[in-house]
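**Student:**
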Amino acid sequence: MATTDLASPSRLRSWMLQGLSDMGRSGGHTGPHAEPVPPHQGQRWWRVMCLTGVDYFSTLGYQPGIAALAAGLLSPIATIVLVIVTLAGALPVYRRVAEESPHGEGSIAMLERLLSFWKGKLFVLTLLGFAATDFLITITLSAADASTHLIENPHLTSTLHDHKMLITLVLVALLGAVFLKGFLEAIGVAVALVGLYLGLNVVVVIAGLWHVITEGHVITDWSSALTAEHGNVFVMIGVALIVFPKLALGLSGFETGVAVMPHVKGDTGDTEERPAGRIRDTKKLLTAAALIMSVFLIATSFITTLLIPEKEFESGGKANGRALAYLAHDYLGGVFGTVYDVSTIAILWFAGASAMAGLLNLMPRYLPRYGMAPHWARAVRPMVIVFTLVGFLVTWVFDADVDAQGGAYATGVLVLISSAAIAVTIAARKAGQRNWTIAFAIISAVFLYVTVANVIERPDGVKIGACFIAGIILVSLLSRLARAFELRVTSVTLDPMAERFIRDIASRKIRFIANEPDQRDKAEYHDKIQQIRADNDMPEQEDFVFVEVTVLDPSEFEAGLTVRGEVLHGRYRVLTLESSSIPNALAALLLHVRDTTGATPHIYFEWTEGNPFHNFLRFFLFGQGEVAPVTREVLREAEPDRARRPRVHTG
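Quick note on numbering: this note's numbering labels position 319 of the sequence shown as 705, and the sequence is numbered without any gaps.
As C-alpha cells, then:
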C-alpha cells in the first residue's frame, strides 16, 4: 500500500511535467506552435491559412451582430471602413512583420530588440499582458458565442435557455482537457472546418442577397431610414469613422497568422537564416485571409442589417451574437440552420484551441529567458490548468456575455496591431525607406487613434488588460526573486591565457580575490592583496589570481560566460568576466575550476558596506551589491555536498 501511495504522486508529477527537460534547448522551444522538426517540413501556405483562419474567420459568428449594435443602419458603411483599414493598414503592417520576424516571434520580438535592460523587459511583459488578454478573451468569447448558437437553436432553446454560463464553462473545460491529454495541431481538421464553415456562409450570403434583390422594398426602406437618420453621405461617413473602433474585432487574426509562420513549408532552398520562401508564402497567406474576410464582412453586414429587425440584435434578441445563424434558420430551414449552428460551434471552439496554442507558444518564448516563470511553467500541462482557471474567472466576470467581452478583446487586438505598426515604422526608418516610414507612421497613428477611442468607449478592455499585465509582472518578479540564487550560467569558456593561469595555480592552493575594478592601477592591486592578507591572517608567500566581473545587462537571466586572462603591471594576474550578475559569474567560475582541476578553489571577499536589504535589491535589479553572501548561497544551491563546495572567505 505504501508503495502505491508513493508511486501515484510520482506518476502524476511526471505526467504533469512531461516535456519539461526539453524546454529551453537551443534552437527552439516546445509548445503547440513549436517549429517543425526537421525544419521546412511544413504545409502549403493555404492549409496553414486555415489554421489561422479558425480564429480569423470564426469572428463571422458574432462580428455582424456586434457591427449592427455599434453602427445600426450604418453597419455596412462602417464595415467598409473596417475593410479599408484592414487592407490598407493591418495587411501591409503584418506583411512587413513576417519579413522582419520570420520565425513566428511577431512584433513583440521586433520591439524587444529596440530596448534593453529592465525597461525592455517591462515593456515586453506589458505587451504579453495585452497578448494574454487577446488570446484568453478569444477562448472565453468564442466559447460564449458557441454556447449562444447552441442555446438559440430552435430545437434546443427550451431545454438549454437558462444554462448558458454552465455550457460556456464546460466548453472552456473541454478545451483545457484536450490540451492536458496532449494537443497536436491538426491542420487537416482546420482545413475541413474552415472549408465547411465558409461554404455554409457562402450559401447564407447568396440566400440573403437573393431576398434583398427579390424584395426590392428592403433596400428602399434601408436607404430612406439611413437618409432620415443621418442626412447626407458625408455625415454618414463621419459617423462611420466615429463608430469604427467598436468594430475592431474584425481585425483579429493577423497576430495568429504570424505566429503560425514556422508551419509554412516555403522553398527547398530555405534556411533558418534566410527563409525567403516561407516569407513569400506567409505574405500570400495573410493577403488571401484578409481578402476572403473582407468580402465576407461586407456581404454579411449588408444582408444582416437589411434583413434582420433591429430589436433582434439587442440583448435577448434572437440575432444577438448569431446574426448569420438567424438568417440560416429563417431563410434556409431548420435542418440547414442546425448544420450551420454545428459548424459555427465547431469553428468557434477550435478558435479557442488556436488561442490556447498561441498562449502556450508565446509565454515560453520570453518568460523562461527572463527567469520570470516558475520552473513548472516550462511544462505545457500546468500552464493549461492555469489558463483554463483564468478562463473560468473571465467567463464568470463577464457572465458569458459576447457583447460584454467585445471591448476587452478589441483592446488586446488593437494594442498588438498598434505595436506591430510602430515596430515596422521603426524598422523602415532604420532601413532608410523614407516612403514606407511615412506610410507606416500614418498607419500607426490610425491604429493608435482607434485603440484610444476603443479604450475611452469601452474601458473594460483596458481594465482587464491591466489586470493581466499586473498579474504577469507580479508573478514574473516573484519568480525572478525565487530563482535569484540559481546558477544561471549556461557554459564557461576560458581563453588560452586564463587556462594558463588556472593550470599554473592548480599546483598550489587555488586562491582567487574578487575585485571590483576601479582605476586598475598598480596601487589598487597591491593594496587589495595586503588587505586580504591582513583580514585573513595569511602569510606573504600565498599566491592569488584576481577575478573581476563587469555587469552588462542585469535584466538578462541566463547566458554563457567567457573568461579572459591578462597580466597587469608586469605581475598581477587578472581574470575578467562579463555577466548579468557578479555572484552567479563568480560561482560558475569556481565550479568550473573545481571540475577541471579536481582541487577545491578558495575565493576572498571584503564585506559590502551599507544596508543588507538595500544591497540585496541592488543584486536583484542590477546584478551587484551583496556579493559575498549571495555567491556563497548560489554555490550552496548548486553544490549540496559541502565537502565538494568551493570555499568562500569574507573579511
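From the three backbone atoms N, C-alpha and C, an ideal C-beta is built for every residue, glycine too.
Going by Cα to Cα distance, which pick from Gly719, His603, Leu566 is closest to valine 589?
**Tutor:** If you number the sequence shown from 1, residue 589 lands on position 203. Valine 589 has its Cα closest to that of Gly719, out of Gly719, His603, Leu566.
**Student:** Let's see if you can read the secondary structure: which residues bound the alpha helix (DSSP H) around tyrosine 583?
**Tutor:** For the purposes of this step, residue 583 is taken as residue 197 along the sequence shown, with counting starting at 1. Per DSSP, tyrosine 583 belongs to the alpha helix (DSSP H) from 573-600.
**Student:** Given histidine 535, which residues of its chain have a CB within under 6 Å of its CB, disregarding the five upstream and five downstream residues?
**Tutor:** Along the sequence shown, one-based indexing puts residue 535 at 149. Around histidine 535: Arg708, Ala711, Asp727, Thr730, Ile731.
**Student:** Considering only their Cβ atoms, is the gap separating leucine 947 from valine 878 smaller than 7 Å?
**Tutor:** As a position in the sequence shown, residue 878 is number 492, starting the count at 1. As a position in the sequence shown, residue 947 is number 561, starting the count at 1. Their beta carbons are under 7 Å apart, which means valine 878 touches leucine 947 by this criterion.
**Student:** Pull up the DSSP beta-bridge partners for tyrosine 958, would you.
**Tutor:** Against the sequence shown, residue 958 aligns to sequence position 572. In the DSSP output, where bridge partners are listed per residue, tyrosine 958 has Leu954.
**Student:** Secondary structure at arginine 1033, three-state DSSP: helix, strand or coil?
**Tutor:** Against the sequence shown, residue 1033 aligns to sequence position 647. Correct three-state label for arginine 1033: strand.
**Student:** Please report the Cβ distance between glycine 636 and leucine 683, rounded to the nearest whole angstrom; I am assuming they are in contact, meaning their Cβ atoms lie under 8 Å.
**Tutor:** Along the sequence shown, one-based indexing puts residue 636 at 250. Along the sequence shown, one-based indexing puts residue 683 at 297. Confirmed, about 6 Å.
**Student:** If you measure between the beta carbons of glycine 738 and isoleucine 525, is that distance less than 7 Å?
**Tutor:** Indexing the sequence shown from 1 puts residue 738 at position 352. Indexing the sequence shown from 1 puts residue 525 at position 139. The answer is yes: Cβ separation under 7 Å.
**Student:** State the Cα-Cα distance for the pair serine 487 and valine 469, rounded to the nearest angstrom.
**Tutor:** Sequence index remark: in the sequence shown, residue 487 carries index 101 (1-based). Sequence index remark: in the sequence shown, residue 469 carries index 83 (1-based). Here the C-alpha atom of serine 487 lies approximately 25 Å from the C-alpha atom of valine 469.
**Student:** Ends of the alpha helix (DSSP H) at phenylalanine 682?
**Tutor:** Position 296 of the sequence shown, counted from the start, is the residue given in the question as residue 682. Note, phenylalanine 682: alpha helix (DSSP H), 662-693.
**Student:** Can you tell me whether valine 556 is buried or exposed, with buried defined as 16 or more other CB within 10 angstroms of its CB?
**Tutor:** Your numbering for residue 556 matches position 170 in the sequence shown. Valine 556 comes out exposed.
**Student:** Are the stretch 939-954 and the stretch 986-994 in contact at 8 Å, needing three or more beta carbon pairs?
**Tutor:** Output reads no: the stretch 986-994 does not touch the stretch 939-954.
**Student:** Throw me the rounded Cβ distance for the leucine 961 and phenylalanine 932 pair, which I believe falls under 8 Å.
**Tutor:** Working through the sequence shown from its first residue, we reach residue 961 at position 575. Working through the sequence shown from its first residue, we reach residue 932 at position 546. Under the criterion of beta carbons closer than 8 Å, leucine 961 and phenylalanine 932 qualify as touching, at roughly 7 Å.
**Student:** Which first and last residues belong to the beta strand (DSSP E) in which serine 444 is found?
**Tutor:** Here residue 444 corresponds to residue number 58 of the sequence shown, with the count starting at 1. Element bounds for serine 444: n/a, residue is neither H nor E.
**Student:** With a CB to CB cut of under 8 Å and the five nearest residues on each side skipped, what residues in its chain are close to valine 841?
**Tutor:** The sequence position of residue 841 within the sequence shown is 455, counting from 1. Around valine 841: Thr797, Gly847, Val848.
**Student:** Could you tell me the distance, in whole angstroms, from the CA atom of tryptophan 898 to the CA atom of alanine 974?
**Tutor:** As a working mapping, residue 898 is identified with position 512 in the sequence shown. As a working mapping, residue 974 is identified with position 588 in the sequence shown. Here the sequence assigns phenylalanine to residue 898, which means tryptophan is not the residue at that position. Roughly 13 Å between the two C-alpha positions.
**Student:** Using a Cβ-Cβ cut-off of 6 Å (strictly less than) and excluding sequence neighbours within five positions of leucine 954, which residues of its own chain qualify?
**Tutor:** Here residue 954 is taken as the residue at index 568 of the sequence shown, counted from 1. Cβ within range, chain order: Val960.
**Student:** Any idea which residues DSSP pairs valine 937 with across the strands?
**Tutor:** Reading the sequence shown from its first residue, position 551 is the one you call residue 937. Looking at the DSSP assignment, valine 937 forms a beta bridge with Ser965.
**Student:** Taking the beta strand (DSSP E) that phenylalanine 991 belongs to, which residues open and close that run?
**Tutor:** One-based indexing of the sequence shown puts residue 991 at position 605. Where phenylalanine 991 is concerned, the enclosing beta strand (DSSP E) starts and stops at 988-991.
**Student:** Does DSSP classify glycine 636 as helix, strand or coil?
**Tutor:** Position 250 of the sequence shown, counted from the first residue, corresponds to residue 636. Three-state result, glycine 636: helix.
**Student:** Have a look at valine 483 and alanine 474 and give me their C-alpha separation to the nearest angstrom.
**Tutor:** To locate residue 483, count along the sequence shown from 1; it is residue 97. To locate residue 474, count along the sequence shown from 1; it is residue 88. Straight-line Cα distance between these residues: approximately 15 Å.
**Student:** Within the same chain, show all residues whose beta-carbon is closer than 8 Å to that of tyrosine 795, passing over the 5 residues directly before and after it, in chain order.
**Tutor:** The residue labelled residue 795 in the question sits at position 409 within the sequence shown. The answer, listed in chain order, is Thr519, Asp520, Ile523, Thr524, Leu527, Leu635, Ser638, Gly847.
**Student:** Output the boundary residues of the alpha helix (DSSP H) element that contains serine 533.
**Tutor:** Numbered from its first residue, the sequence shown carries residue 533 at position 147. First-last of the alpha helix (DSSP H) with serine 533: 503-537.
**Student:** Does the Cβ-Cβ distance between aspartate 531 and leucine 734 come in under 7 Å?
**Tutor:** As a first step, residue 531 is located in the sequence shown; it is residue number 145 there, counting from the start. As a first step, residue 734 is located in the sequence shown; it is residue number 348 there, counting from the start. Cβ distance < 7 Å, so aspartate 531 and leucine 734 count as in contact.
**Student:** Determine the closest residue to lysine 1072 out of Val979, Glu944, Ile623, Asp913, with distance taken between C-alpha atoms.
**Tutor:** Missing from the structure shown is residue 1072; the chain here goes from 387 to 1037 and no further.
**Student:** Does the stretch 588-603 come into contact with the stretch 798-817, if we say contact requires no fewer than three beta-carbon pairs (one atom in each stretch) closer than 8 Å?
**Tutor:** no
**Student:** Mind checking leucine 867: buried by the 16 CB within 10 Å criterion, or exposed?
**Tutor:** Locating residue 867 in the sequence shown gives position 481, where the first residue counts as 1. With fewer than 16 Cβ atoms within 10 Å of its Cβ, leucine 867 is classed as exposed.
**Student:** Would you report the Cα separation of arginine 430 and arginine 664, rounded to the nearest angstrom?
**Tutor:** Taking the first residue of the sequence shown as 1, we reach residue 430 at position 44. Taking the first residue of the sequence shown as 1, we reach residue 664 at position 278. Arginine 430 and arginine 664: Cα-Cα distance of roughly 10 Å.
**Student:** At the level of alpha carbons, what is the spacing between glycine 417 and phenylalanine 773?
**Tutor:** By one-based count along the sequence shown, residue 417 stands at place 31. By one-based count along the sequence shown, residue 773 stands at place 387. Because the pLDDT at glycine 417 is just 40, under 50, the model does not fix this residue reliably, and the value given afterwards should be weighed accordingly. Distance between the alpha carbons of glycine 417 and phenylalanine 773: 14 Å.
**Student:** What's the gap between the Cα of glutamate 615 and the Cα of threonine 600?
**Tutor:** As a working note, residue 615 is residue 229 in the sequence shown. As a working note, residue 600 is residue 214 in the sequence shown. Each residue's alpha carbon lies about 25 Å from the other.
**Student:** Which residue from Met551, Glu1025, Pro695, Leu671 puts its Cα closest to that of phenylalanine 778?
**Tutor:** Along the sequence shown, read from residue 1 onward, the residue named residue 778 stands at position 392. Considering only alpha carbons, the answer is Met551.
**Student:** Between which two residues does the beta strand (DSSP E) containing phenylalanine 898 stretch?
**Tutor:** Translated into the one-based positions of the sequence shown, residue 898 becomes position 512. For phenylalanine 898, the enclosing beta strand (DSSP E) begins and ends at 897-900.
**Student:** Less than 7 Å between C-beta atoms, sequence neighbours within five positions excluded: which residues of the same chain meet that for tyrosine 480?
**Tutor:** Residue numbering aside, residue 480 sits at position 94 when the sequence shown is read from its first letter. Correct list, in chain order: Phe640, Gly643, Val644, Leu672, Ala806.
**Student:** Does the contact criterion of 3 or more C-beta pairs under 8 Å hold for the stretch 450-468 versus the stretch 690-709?
**Tutor:** yes
**Student:** With a Cβ-Cβ cutoff of 7 Å, do methionine 647 and glycine 490 count as a contact?
**Tutor:** Here the question's residue 647 lines up with position 261 in the sequence shown. Here the question's residue 490 lines up with position 104 in the sequence shown. Contact: yes.
**Student:** According to DSSP, simplified to helix, strand and coil, what is leucine 500?
**Tutor:** Here residue 500 refers to the residue found at position 114 when the sequence shown is read from its first residue. Coil.
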